[in-house]
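Engineer: Counted the way mature numbering (1 follows the signal peptide of the UniProt record, and there is no 0) counts, the sequence shown spans residues -21 to -1, 1 to 511.
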Amino acid sequence: MIKKFFMLWTIMEYLFTRSESLVINDHYKKLIIDVTTTTHAASSFTAFLCTSPDEAVQLSKDMTNNYKIHNLQNNFKNYEFSVDNNQVAHQLFYIVDFQCEDSVNLLIKANLSQMFLAPRKWLILQDLTNSTSKLSQNKLINLFNDFDVYPDSEVYIAQGYQSKINNSIELLSLYRPSPYRNIVIENRGIWDEQNGLRLNNHDPSSRRRRNLQQTPLKSCLVVTNPDTLNHLTDAKDKFVDTITKVNYPWILHIVNRINATINFTVRDTWGYQDDNGSWSGMIGLLDRGEIDIGGTATFLVSSRIGVVDYVQLYTPTKSKFIFRRPPLSYVRNLFTLPFSRSVWMTIIIFLSLVCLILYITMKWETKHICENHLAVVHLYAAYSANIVANIQRTSDSIQTISDLMDSSLKIGIHDIVYNRYYFKKLDDPVRKKFYDTKVKDKSNIWMNVTEGVEVIANSQGHRTTPSYVAFTKTERLIGALLTFGVFILELIWHYCNDNYLKNNIPDFDRNSEKSVDEKTPSIVDFDGTSLE
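#1: So the alpha helix (DSSP H) residue 402 belongs to, where does it begin and stop?
#2: In angstroms with no decimal places, state the Cα-to-Cα distance between residue 77 and residue 16.
#3: If we require 3 or more residues per run, which beta strand (DSSP E) segments fall completely within the region 58 to 104?
#4: Would you list the one or two residues that DSSP bridges to residue 408?
#5: Taking DSSP's pairing of strands, which residues face residue 52 in a bridge?
#6: What's the call for residue 232, buried or exposed, on a 16-neighbour Cβ count within 10 Å?
#7: Return helix, strand or coil for residue 147, following the three-state DSSP convention.
#8: Just checking: is the beta-carbon of residue 184 within a distance shorter than 8 angstroms of some beta-carbon in chain D?
#9: Quick one: grab the DSSP three-state call for residue 478.
#10: Specify the secondary structure class of residue 164 as computed by DSSP and reduced to three states.
#11: Determine the direct distance from the alpha carbon of residue 241 to that of residue 102, and round the result to whole angstroms.
#12: With a Cβ-Cβ cutoff of 8 angstroms, do residue 258 and residue 250 count as a contact?
#13: Helix, strand or coil for residue 249? Go by DSSP, reduced to three states.
#14: Taking Cβ to Cβ, would you say residue 24 is nearer than 8 angstroms to residue 73?
#15: May I ask you to report which of helix, strand or coil DSSP gives residue -20?
#16: Does DSSP put residue 263 in a helix, in a strand, or in coil?
#17: If you count every other CB in all the chains shown that lies within 10 Å of the CB of residue 339, and 16 or more means buried, which is it?
#18: Does residue 208 pass the burial test, meaning 16 or more other C-beta atoms within 10 Å, or should it be called exposed?
#19: Suppose you measure from the CA of residue 364 to the CA of residue 323; what does that come to, to the nearest Å?
#20: Would you mind stating whether residue 133 and residue 89 have Cβ atoms separated by less than 8 angstroms?
#21: Please report the straight-line C-alpha distance between residue 202 and residue 399, rounded to a whole angstrom.
#22: How many whole angstroms separate the CB atoms of residue 199 and residue 244, which I take to be in contact at a CB cut-off of 8 angstroms?
#23: Whole angstroms are fine: how far does the CA of residue 223 sit from the CA of residue 473?
#24: Going by alpha carbons, who is nearest to residue 394 out of 336, 204, 229?
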């Protein structure tokens, strides 16, 4: 009731104090061009004016000469905003003459249609020539006190005196820290014909508007183990719900930096789209506007791009298959390895020839038996030495997902919600076949981190796990590991970097990642190509 009364009072005040509409002369034309250019607005705009037809035609010509695509609305009493086409929202720039009779109703319609939300931009022209009091000068600002103009909004007010010659125009910007706070006015700069637009600073809104005045924010933590809520900051069980525990300090730091408060909701899944199109988990809360920011990092996937906005973070993690290099004898026949196929063919041919020569020689030199088989003895010694060396070698024959699928290695998968979801969603032929043959309908392959590391250490099995787990829990096995990329998706991760490994793993050294045969672990990207 109070809000409606205040809105009615503002409209009445506007009607009684309204001055004549602006004359869009060269002065204001240059202002429009400078503001749209300096503020990095779109090259096109929609202007709501109440000028004469001749003035509108001349304005259109001048804007065209300055390469500005424009749409002039001289009669906008019944204008309706389109809220469906959000794909071009970043191209929308609106200019309003506040002296026009229908301007207040237009702004109210815009607010009801949420047209003041980013990335749309507004420039409101206000002439103060006939304003006689401070209250009347600020009547536009008072109108915005109940509008949805929040820290990401870009609403500029150009206030000046049209009656003065070559007068300067003050450019203001306004926003509300939250629905619970009053309007905040920023003095963005001064414009005049001689010097153009001079901004006080060129910082974006995200840098200028860091004080949310203790606004309560809502967030969500994804927790798969209820005990995680008791260990968000004490580094206990750091490999359980690691993503949540790593992001929790970041969220608190961000909230403290913008002078806000935060309340957390807990969900057991990141959120995936159902058959009916609705979203579950944390993504669903964001989609429905029930929370302001996600408290747990999530994969960047195409289906979520149109649902939530992502913030780029800088520490990557990947879901990988990790396993010990299998012994060479496990995948190959050692007795054929010492020589290549062509060498074996050559040996057979020459052995046949040698046998023939030896037979002839035995007939002629029966008294020199010890020299007859000297070449064969040397060949056998070399062959035996090569066999012994091959027994100690590990195999690097598995270089692609197809090789992995065709091997006899046992598989284990980290039992976490996103692994169960994304394995089902693999759609390329090789990975879909891998899922059908190795994963589908096999409940015994899902295991926790501890079980998976034991499998790697005690057998030739392999498992898929986030790389931050593998490279911290299995530091003694790093030199004997192969890693295979399954989902190349980057997240914020603190535990992946070398500094963390050096500070938290005894005797960690970057060179220790070399295997026993001095080859670094192979890394196979999502397309199956080796990155070594």
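Just so you know, even glycine gets a beta-carbon here, dropped at the ideal spot from N, CA and C.
Structural biologist: The short version:
#1: DSSP places residue 402 in the uninterrupted alpha helix (DSSP H) bounded by 396 to 404.
#2: If I take the Cα positions, the gap works out to 21 angstroms.
#3: 72 to 76
#4: In the DSSP output, where bridge partners are listed per residue, residue 408 has none listed.
#5: 27
#6: Using a 10 angstroms sphere on the CB of residue 232, the tally of other CB atoms stays under 16, which defines it as exposed.
#7: coil
#8: The structure shown contains no chain D, having only a single protein chain.
#9: Unreliable positioning characterises residue 478 in this predicted model, as indicated by a pLDDT of 40, which lies under 50. The coordinate reading is nonetheless provided below. Correct three-state label for residue 478: helix.
#10: In the structure shown, the three-state DSSP call for residue 164 is strand.
#11: 33 angstroms
#12: For residue 258 and residue 250, yes; Cβs fall inside 8 angstroms.
#13: In the structure shown, residue 249 sits in coil (DSSP, three-state: anything other than H, G, I, E or B).
#14: Going by C-beta atoms, residue 24 is nearer than 8 angstroms to residue 73.
#15: At residue -20, the pLDDT of 44 sits below 50, so the modelled position is not reliable; the number obtained from the coordinates is stated separately. Residue -20: helix per DSSP, three-state reduction.
#16: helix
#17: exposed
#18: Residue environment analysis places residue 208 among the exposed positions, since fewer than 16 neighbouring C-beta atoms fall within 10 angstroms of its C-beta.
#19: 17 angstroms
#20: no
#21: 16 angstroms
#22: 5 angstroms
#23: With a pLDDT of 31 at residue 473, under the threshold of 50, the modelled position of this residue cannot be trusted, and the question is left open.
#24: 204
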